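For any residue, its number in this note's numbering is found by taking its place in the sequence shown, counting from 1, and adding 1.
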Amino acid sequence: MKFKRLIALLGVLALLAAACGGSDTTTTTAAAVGDTTPDTTQAVVDDTTPDTTVSTPDTTEMMMDAIKTCLVTDLAGVDDRSFNASAWQGVQDAMAAGYATEDSFFLESADASDWQPNIDQMVSQGCQHIVTVGFALGEVTAINAQAHPDITWTMIDNVLTDENFAPLGLANVRELVYQTDEAAFAAGYLAAGVSSTGILCTYGGANFPTVSIFMDGFTRGAMHYNDVKGTSVEVKGWDPEAGDGLFTGSFTDMALARSTAESLFQENCDIIIPVGGAINLPAGDAINDLGLDAALIGVDADAYFAMDTQYQPLWLTTVEKAIAPFVTLAVKDQQEGTWSPGSFVGNLANDGVGLSPYHDWDARVSDELKAEVEQLLADIKDGTIEAAFTPVGY
């Protein structure tokens, strides 16, 4: 169950890149760990170690110039300790590896009106690869990717579509999307098994698909626990049938996040999964200030390490997305001449999503429940249990 660390995952994710020429866009799923026979519909990224069966390996690809890579954040900013921070880490890793230039940079967005000026600045400064972070940047990314076909784009957490919601399939855009409801399903099952009150809860920053997918998977996982165990665990904050739930309407208003969390704790919730960057920290403050015996579940990056140490005892687990290595790989592919467009989906089978360790809560998770969660993850991976209810990719 332990989520594969980013360095190991990068090697695995290399199997998902298409090295063939042409401009067709495809949905690509990375090969699973241990799968030594890549899907023949996908090409393999060139290894930086020359094939020893070739007497005179061509090293020109390894000597290509680094790519100037620039990143535009959404409103949560680069220090959100979540998906913006993870995306920038991917660029930094590309810089460290020599795929991206040392003058690669990011620009933060305090308001949606900042997105276009930020992109304009990047174009004027000669950025060759622009990473846009977050579902909300879909429209501005689509407009600018079409206006600047000579620039390569990586869109995180959105698939670009036309007015009829058909995929644009732009030849210069790679979309990184994640089937996070698979891992969130297991987190919901886990939380239902750990909860003392039988009441779980969630809230999000906005009803974006990339937010609600966590909430939906989490709720369905808890309901699966009820089906298996004959229990009646409740989840407050999300209704899978209505496709709606509890949202603060902001990813930056921490006072509102605090009051939202407190209202849920007043309903006897003892495990909460806030979705939307650092809006989970006010829930942690409420737990600490009110002296509650409650737990947090993080999203995107392992919150035990991503957030301040005072919150460490509160994290039951995190539903992780492998954003950094996917971003690094996109830059690497361009630098090596193996870049391809399309919708790249991270899921449990390719370690694109997963659960973090239980850290300080490990002793409070029974061996029986740990085994059940492990089996559940395996069953989701092999398709025995359906846990992906929100479509991603194309």
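Here a beta-carbon is modelled for each residue, glycine too, at the ideal position from N, C-alpha and C.
As the structure is a prediction and not an experimental result, all values here were calculated from the model.
Q.
Within 10 Å of its beta-carbon, does N165 have 16 or more other beta-carbons around it, so buried, or fewer, so exposed?
A. exposed
Q: Identify the continuous alpha helix (DSSP H) that holds D290 and give its terminal residues.
A: L282 to L291
Q. Roughly how many whole angstroms lie between the Cα atoms of T153 and A77?
A. 24 Å
Q) Under 7 Å, do A223 and L201 count as touching if we go by C-beta distance? A) yes
Q.
Let's test the definition: count the other Cβ atoms within 10 Å of the Cβ of A67 and tell me whether it reaches 16, buried, or not, exposed.
A. buried
Q. In terms of residues, what are the limits of the alpha helix (DSSP H) holding E183?
A. T181 to V195
Q. How is W340 classed by DSSP in three states: helix, strand or coil?
A. coil
(Q) Under DSSP, the beta strand (DSSP E) around K371 begins and ends at which residues? (A) Note, K371: premise wrong, no beta strand (DSSP E); alpha helix (DSSP H) at D368 to K382.
Q) Tell me which same chain residues have a C-beta within less than 7 Å of the C-beta of T162, skipping the five on either side of it? A) P168 and L169
(Q) Suppose you measure from the CA of F306 to the CA of V195; what does that come to, to the nearest Å? (A) 22 Å
Q | Simplified DSSP state of H360, which is helix, strand or coil | A | helix
Q. Exposed or buried, which one is N351 when buried takes at least 16 other CB atoms within 10 Å?
A. buried
**Q.** the region 103-111 touching the region 313-322, judged by at least three CB pairs closer than 8 Å
**A.** no
Q. Is P39 helix, strand or coil by DSSP?
A. Confidence is the limiting factor: at P39 the pLDDT is only 32, short of 50, which leaves the residue's position unreliable and the question unanswerable from this model.
Q. At what residues does the alpha helix (DSSP H) containing Y204 begin and finish?
A. Taken as a continuous stretch (DSSP letters only), Y204 belongs to no alpha helix (DSSP H), being part of the beta strand (DSSP E) at I200 to G205.
Q: Identify whether A296 lies in helix, strand or coil by the three-state DSSP scheme.
A: strand
Q | the region 243-258 contacting the region 267-284, beta-carbon criterion three pairs below 8 Å | A | yes
Q) Is the beta carbon of L330 sitting closer than 7 Å to the one on A187? A) no
Q: Can you tell me which of A146, S357, D361 and G338 puts its alpha carbon nearest to the alpha carbon of M123?
A: A146
Q: Answer yes or no: do N348 and E176 have a C-beta to C-beta separation smaller than 7 Å?
A: no
Q | Collapsed DSSP secondary structure at D334 in the structure displayed | A | helix
Q. Would L265 pass as a contact of K237 if the rule is Cβ separation under 7 Å?
A. yes
Q | Delimiting residues of the alpha helix (DSSP H) encompassing T211 | A | P210 to K230
Q. How would you call G355, buried or exposed, if buried means at least 16 neighbouring beta carbons within 10 angstroms?
A. buried
Q: Give the range of the beta strand (DSSP E) segment to which T133 is assigned.
A: H130 to V134
Q) Does DSSP put L400 in a helix, a strand or coil? A) Nothing can be reported for residue 400, as the shown portion of the chain is limited to 2 through 395.
Q. If you check the beta carbons only, do V141 and A88 fall under 7 Å apart?
A. no
Q) M156 by DSSP, collapsed to three states: which one? A) strand
Q: For my contact list, L72 and V160 are in at a C-beta cut-off of 8 Å; report their separation, rounded to the angstrom.
A: Contact flag wrong, Cβ pair sits at about 19 Å.
**Q.** Whole-number beta carbon distance between D271 and S357, since they are thought to touch under 8 Å
**A.** With a Cβ gap of about 20 Å, S357 and D271 do not count as contacting.
Q. What residues match up with E235 in a beta bridge as DSSP calls it?
A. I200
Q. When you compare only the Cα positions, how much space is there between L171 and W116?
A. 20 Å
Q.
Excluding the 5 residues flanking G394 on each side, which residues of the same chain have their C-beta closer than 7 Å to its C-beta?
A. T28, V160, V178, S344 and V346
Q. Can you name the start and end residues of the alpha helix (DSSP H) that P118 belongs to?
A. W116 to S125
(Q) Please tell me whether N301 and F84 are closer than 7 Å, where the distance is taken between their beta carbons. (A) The question names Asn, but residue 301 is Asp in the sequence shown. Yes, Cβ-Cβ distance for D301 and F84 is below 7 Å.
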